[in-house]
Amino acid sequence: MTEPPLLLALDLTGTFAFGLNGALTAVRAVRLDIVGVVTLGLITAVGGGALRDVLIGDIPPATFRDWRYFTLAIGGGLIAFALSKWLDRLETPIIVLDAIGLSVFAVIGARKALEFGLGIAPAILLGAVTGVGGGTIRDVMVGQIPTVLRSELYAIPAIVAAGITVATVQSGVYGLPAALAAAAVCFVIRMLGVRFGLNAPSPPGGDSGAASSEPGPDHC
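The working numbering puts the first residue of the sequence shown at 5, with every later residue one more than the last.
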């Protein structure tokens with residue numbers, strides 16, 4: 005299953021988006037110098053994909069073999085550092101960039117897992133890991149509760165997109181339209197969750213908004 009050029013372009017776009025988003029959210033959480041900001045942007049952009057590749061045995065990870073991934077991730081981090089003075093005006097772009105990266109990476113991750121012969125459940129899991137892994141590592145590094153562990157809708161859209169991807173591939177549909185449709189579903193679910201404050205189910209009697217109501221780096 006060779007990736008169509010447009011799907012590769014989307015993968016690179018997601019890398020840039022997560023690099024920019026990761027650096028901006030890091031600036032929101034802690035005041036770092038340029039090295040710290042770019043490093044966290046880079047981790048956000050390539051962390052999930054690198055973790056996926058290690059788990060499926062694709063060593064070294066694809067992001068280490070193609071210079072474009074690191075270049076775009078670092079470029080996004082540098083742009084974020086330059087825009088940090090206007091951070092208060094960038095909440096909406098941060099949200100959108102995060103949703104784009106999540107959507108694209110969930111689809112790419114599931115497709116690659118299937119390419120390496122994994123079954124349905126592992127492919128869905130690795131699709132989700134690709135989408136949320138980098139941001140989770142970043143949040144831990146800045147001392148925040150990872151978004152994926154909060155009550156807001158974050159992992160669920162990634163799982164849905166990965167599930168749709170696996171279902172279409174298993175049905176013999178490998179084309180770009182199916183991949184774009186799966187990514188679009190993830191994006192819409194994530195944005196609806198943000199717009200209407202939708203949360204994943206929480207334990208009865210628990211304060212479902214406690215964790216997500218605090219302004220963290222990924223509360224978007």
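For every residue, glycine included, the Cβ atom is placed at its ideal position computed from N, Cα and C.
Excluding its 5 nearest sequence neighbours in each direction, C190 has C-beta neighbours in its own chain below 7 angstroms: L106, S107, A110, P161, A162, V164 and A165, listed in chain order. Look at the beta carbons and you see the stretch 143 to 157 not touching the stretch 172 to 190: under three pairs across the two are nearer than 8 angstroms.
Around the beta-carbon of D37, fewer than 16 other beta-carbon atoms lie within 10 Å, marking it exposed. With the rule of 3 Cβ pairs closer than 8 angstroms, the stretch 120 to 129 does not count as touching the stretch 22 to 39.
Here T134 is buried. Its C-beta has 16 or more other C-beta atoms within 10 Å.
Cβ contact annotation for T172 (same chain, cutoff 6 angstroms, sequence separation greater than five): A182, in chain order. Taking S206 as reference, the option from E156, L14 and I124 with the minimal CA-CA separation is E156. Counting every other CB atom within 10 Å of its CB across the protein chains shown gives L55 a total of 16 or more, marking it as buried.
With a cutoff of 7 angstroms on beta-carbon distance, V42 and G81 are scored as near each other. With contacts defined by Cβ atoms closer than 7 angstroms, I99 and V31 do not form a contacting pair. Here the C-alpha atom of E119 lies approximately 43 angstroms from the C-alpha atom of K89. A residue is called buried once 16 or more other Cβ atoms fall within 10 Å of its Cβ, and I63, having fewer, is exposed. If you ignore the 5 residues before and after G79, its C-beta comes within less than 8 angstroms of the C-beta of F20 and G23, all in its own chain and listed in chain order.
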